[in-house]
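As numbered in numbering that gives the first Met the number 0, residues 0 to 623 make up the sequence shown, in order.
Just so you know, even glycine gets a beta-carbon here, dropped at the ideal spot from N, CA and C.
Take a look at the structure set out below.
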Amino acid sequence: MEFADLIKTPKLDGVLLHDPGQAGTGTGAGAPTVGTLCITGHHLLLSARQENSQELWLLHKNIDCVEKKPSLTQNIVVGGIITLKCKDLRIISLEIKSAKEFFNVATSLEALSAIQNTELLYPFFYRPMYSILEDGYTMFRPELEFAKLISGVGMGGVSSPNVANITICMPSTSSTSMTLGSASGGGITHPLQNGYAMDALQGGLGGGGSGANACEWRISNVNRDFSVCATYGATLIVPKAITDEQIVLSASFRDGGRFPVLSYRHENGATLMRSSQPLSIQGIKRCRADEAILNLVLGRSRKGFIVDTWGKGKSNTETDLHYSQWKKVNRSIGNVSSPASILDSFARLIEACNDLSCSTDKWLSRLEGSGWLTLVLNSLNASCVVAQCLDQEGSPVLVHGAKGLDSTLIVTSLVQIILNPDCRTVRGLQALIEREWIQAGHPFASRHRYSCYTPNQTRQKTSGATFVLFLDCLYQLYTQFPCSFEFSTQLLILLFEHSHFSQYGTFLCDSERERRELNVHTRTTSLWSYLNRPDVLQTLLNPLYEPNASVIWPSVAPISLELWSDLYLRWVIDQRSCATVMSQIQELVTREKELRTQAIKLRKQALELGQEVSEMMSGSADDA
Numbered sequence: 000m001e002f003a004d005l006i007k008t009p010k011l012d013g014v015l016l017h018d019p020g021q022a023g024t025g026t027g028a029g030a031p032t033v034g035t036l037c038i039t040g041h042h043l044l045l046s047a048r049q050e051n052s053q054e055l056w057l058l059h060k061n062i063d064c065v066e067k068k069p070s071l072t073q074n075i076v077v078g079g080i081i082t083l084k085c086k087d088l089r090i091i092s093l094e095i096k097s098a099k100e101f102f103n104v105a106t107s108l109e110a111l112s113a114i115q116n117t118e119l120l121y122p123f124f125y126r127p128m129y130s131i132l133e134d135g136y137t138m139f140r141p142e143l144e145f146a147k148l149i150s151g152v153g154m155g156g157v158s159s160p161n162v163a164n165i166t167i168c169m170p171s172t173s174s175t176s177m178t179l180g181s182a183s184g185g186g187i188t189h190p191l192q193n194g195y196a197m198d199a200l201q202g203g204l205g206g207g208g209s210g211a212n213a214c215e216w217r218i219s220n221v222n223r224d225f226s227v228c229a230t231y232g233a234t235l236i237v238p239k240a241i242t243d244e245q246i247v248l249s250a251s252f253r254d255g256g257r258f259p260v261l262s263y264r265h266e267n268g269a270t271l272m273r274s275s276q277p278l279s280i281q282g283i284k285r286c287r288a289d290e291a292i293l294n295l296v297l298g299r300s301r302k303g304f305i306v307d308t309w310g311k312g313k314s315n316t317e318t319d320l321h322y323s324q325w326k327k328v329n330r331s332i333g334n335v336s337s338p339a340s341i342l343d344s345f346a347r348l349i350e351a352c353n354d355l356s357c358s359t360d361k362w363l364s365r366l367e368g369s370g371w372l373t374l375v376l377n378s379l380n381a382s383c384v385v386a387q388c389l390d391q392e393g394s395p396v397l398v399h400g401a402k403g404l405d406s407t408l409i410v411t412s413l414v415q416i417i418l419n420p421d422c423r424t425v426r427g428l429q430a431l432i433e434r435e436w437i438q439a440g441h442p443f444a445s446r447h448r449y450s451c452y453t454p455n456q457t458r459q460k461t462s463g464a465t466f467v468l469f470l471d472c473l474y475q476l477y478t479q480f481p482c483s484f485e486f487s488t489q490l491l492i493l494l495f496e497h498s499h500f501s502q503y504g505t506f507l508c509d510s511e512r513e514r515r516e517l518n519v520h521t522r523t524t525s526l527w528s529y530l531n532r533p534d535v536l537q538t539l540l541n542p543l544y545e546p547n548a549s550v551i552w553p554s555v556a557p558i559s560l561e562l563w564s565d566l567y568l569r570w571v572i573d574q575r576s577c578a579t580v581m582s583q584i585q586e587l588v589t590r591e592k593e594l595r596t597q598a599i600k601l602r603k604q605a606l607e608l609g610q611e612v613s614e615m616m617s618g619s620a621d622d623a
C-alpha cells in the first residue's frame with residue numbers, strides 16, 4: 000500500500016481552522032485561521048503562511064475520531080466541517096467550502112488515522128535532526144536493571160549508584176566470579192547468562208523480610224524464543240533453585256503463561272513479584288512447580304501475601320490448601336470487567352471536563368459519576384497495602400489480576416515509587432516504565448489504538464486507559480509530595496502523549512516479541528534518547544526537588560485527590576497562569592541558590608579575615 004493511494008486531496012487552500020484550545024492556552028473560541036491544508040503520509044499541516052499566525056502540525060496517529068458535518072444549501076452539500084477529536088484530548092475543526100474536497104479530506108484522514116500496519120507508522124520514517132548522545136534502547140537493559148534490582152542499589156541507568164559492587168558467580172563448582180561495572184565486565188558482552196546466580200557483596204539476597212539468603216536469584220533465558228510466555232521479555236529473573244522445566248510448568252498453570260517473576264526487592268529483603276491469575280481448568284487445581292516458586296520466595300518469612308487487584312469473584316486465586324503460608328488479600332481497583340471499562344470511565348471524565356455549559360453542582364456530579372477518581376483512589380489504596388506488607392511486615396508479596404497486564408502493573412509500579420526514591424528521579428522513572436510496562440508486556444498498541452473520543456460501540460475490547468490511570472496516580476503522589484520528585488508534571492504529560500502517538504519507537508507494539516520481529520530498536524529512535532538530552536531534560540526538572548530517601552506514604556482519603564487539570568483541562572482552561580507561576584518559582588529557586596552561594600563565600604571571607612585579625616593581634620602582643 001502506498002500513502003498516495005489514501006490521500007485524495009494532498010493540498011487545499013482556503014481552509015478555516017477552528018481551534019478553541021489556541022495551541023494549549025485554553026482561551027476559548029477565537030477567530031479561525033484561514034490557511035493552506037496539506038496532507039502527508041503521517042501529518043496534517045495547516046499554515047496561513049503569515050508571521051505569528053497559528054499553524055497546525057498533527058500526527059495522523061493522534062486522531063482518535065473524525066466527525067463530519069456537511070453544510071447544505073437547498074439539500075445540496077456545499078462543503079462542511081470536519082471535527083478532529085485527538086488522543087491528546089484536543090478538539091479542532093476544519094471548515095471546507097467545497098463538497099468534493101470536504102469528502103476527500105474526511106476520507107483521507109479516516110484512512111490515514113486507522114492504519115494498522117505498524118511498519119507504516121511515523122517512528123519508522125522519523126530521522127532525528129540532532130545527534131544521539133545516548134541510545135535509549137540500551138540504557139535500561141534487563142541484565143543491568145535486574146542486577147541492580149536484587150542488589151538493592153539504585154536503578155535507572157547512569158544517574159543511579161554504580162553497580163560495581165555486584166558479583167556474578169557460576170552456580171556450579173566454579174568459584175570464578177566477575178564484577179559488573181558500567182561496561183559489561185572485562186569486555187564480556189552479556190555477563191548475566193542463563194544459569195548465573197547474582198550475589199551482592201554486602202548481605203544476602205533473600206526473599207524474606209529478615210534478609211534471609213535461602214532464596215537466591217538468577218537470570219533465565221528460558222523465554223528467549225517467547226514460547227513460554229508471549230508477553231514476557233526474553234530475559235527474566237527467577238529463584239536460583241527453580242529449574243527451567245519448573246518455570247514452564249508454572250507458566251502452563253497461569254493465564255497467558257505469566258508465571259511469578261521478580262518485580263522489586265525492598266531494602267529490607269522483602270520481594271515483590273507479579274504474575275497473572277491461575278487458569279481455570281477443570282480437573283487441574285494445583286501446580287507443584289508454581290507452589291515451589293512461591294515457597295522459595297518466602298525464605299525465612301512465616302507468611303506472604305497474594306494481592307488480587309481484579310476483584311473478588313472475578314478472577315481465580317490460589318487455594319488455601321496448597322498455598323497455606325500465603326494470605327489472600329483482595330484489593331480491586333474498581334468494578335471493572337475489562338480494560339475497556341477503564342477507558343469508558345476515562346471517556347466519561349473527559350466528556351465532563353469538556354462540558355462548559357453545566358452548573359458547578361452538575362459538573363461535580365458528572366465527575367463523580369465518571370468513576371475515574373474512584374479508580375485512582377482504589378489504585379493508590381491497593382499500592383499502599385502492598386507497600387506496607389513489604390516495608391512494615393517485611394513479607395514477600397505476589398500481585399496479580401486477571402491476565403496481569405493492567406491493574407497488576409499499576410500497583411507494582413506505584414509500590415516502587417512509594418518505597419524507592421530512585422523511581423522518583425527522571426532516569427529512575429524511565430527505568431521503571433521500561434521494566435514494569437514495556438518489557439513486562441503491557442500491550443500499548445492495542446490499549447491505545449482508540450482513546451476516549453471513539454464511540455464505545457466502535458472501540459475494541461482490548462482498548463484501555465490503564466497507563467493513563469497509572470500516570471494520574473503518580474500525579475496524585477506528586478501533589479502530596481511536590482519536593483520529592485526530580486521531574487515536573489510536564490514529563491508525565493509527555494509520557495501520556497508519546498504513549499498514544501509519537502515519532503519515537505519506545506511505546507510501539509504490544510510486546511518485546513513484536514518489537515524484536517520488527518527490529519524496532521535498530522529501525523527507530525528511542526524516546527529516552529530525546530528526553531535525556533540536556534536541553535530537553537532541563538525543561539522537565541522540578542525546581543522544588545530535594546532528594547528524599549524516605550518512604551512516602553500518601554493519603555488515600557477522597558478529599559486528598561486532585562483533578563489533573565494540567566492534562567484534562569489544558570485545552571479548556573487557560574494554563575498560562577500556571578506556566579507563569581512555575582517560571583516565578585524557578586526564578587526564586589535560582590535566586591535562592593545564588594544567594595546561598597554568595598553567603599558561603601562571604602562566610603569564608605569573614606573566616607579568613609578573622610584569622611588574619613587574630614594573627615595580627617597575636618603579632619602585636621609578641622612585639623609588645
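- For the options Y449, D12 and K60, the alpha carbon positioned closest to that of A47 is the one of D12.
- Bounds of the beta strand (DSSP E) holding V76 are I75 to C85.
- Counted as a single uninterrupted DSSP element, the beta strand (DSSP E) harbouring W56 occupies residues L55 to L58.
- At a Cβ-Cβ threshold of 8 Å, C85 and I114 do not count as neighbours.
- Cβ neighbours of Y474 within its own chain (closer than 7 Å, five residues either side excluded): T488, L491 and W563.
- Taking all protein chains in view, the Cβ of F124 is surrounded by fewer than 16 other Cβ atoms within 10 Å, so the residue is classified as exposed.
- Ranked by Cα distance from E485, the first of T505, S52 and A548 is A548.
- Taking a C-beta distance under 8 Å as the contact criterion, L526 and S501 qualify as a contact pair.
- By the 16-neighbour rule on beta-carbons within 10 angstroms, D405 is buried.
- For G403, the closest alpha carbon among the candidates K460, R458 and S337 is that of S337.
- A distance below 7 Å between beta-carbons, with the five flanking residues on each side excluded, links F145 to the following residues of its chain, in chain order: I218 and I236.
- Exclusion of the five residues before and after G135 leaves S525, W527 and S528 as the residues of its chain whose Cβ lies within less than 6 Å of its Cβ.
- Here the alpha carbons of R223 and D243 stand approximately 12 Å from one another.
- When the beta-carbon positions are compared, G440 and S358 stay at least 8 Å from each other.
- For I417, the enclosing alpha helix (DSSP H) has its first and last residue at S406 to L418.
- Two segments are said to touch when three or more pairs of C-beta atoms, one from each, lie closer than 8 Å; by this definition the stretch 505-523 touches the stretch 116-123.
- Bridge pairing for H399: S274 and D307 [DSSP].
- Of all C-beta pairs linking the stretch 73-93 to the stretch 463-478, fewer than three are shorter than 8 Å, placing the two stretches out of contact.
- In the displayed model, C286 falls within coil according to three-state DSSP, outside both helix and strand.
- Taking 8 Å as the cut-off, the Cβ atoms of I417 and S382 count as close.
- Taking the Cα positions, L468 is about 9 Å away from F345.
- Counting along the chain, the unbroken alpha helix (DSSP H) around N380 starts and ends at W371 to D390.
- Residue burial annotation: R253 is buried, with at least 16 other C-beta atoms found within 10 angstroms of its C-beta.
- Per DSSP, the unbroken alpha helix (DSSP H) holding S340 starts and ends at P338 to N353.
- For G370, the closest alpha carbon among the candidates C352, L389, L355 and G333 is that of G333.
- Leaving aside the five residues that flank V612 on each side, none in its chain has a CB nearer than 8 Å to its CB.
- Proximity to V328 across N353, C388, S275 and S274 peaks at C388, based on C-alpha coordinates.
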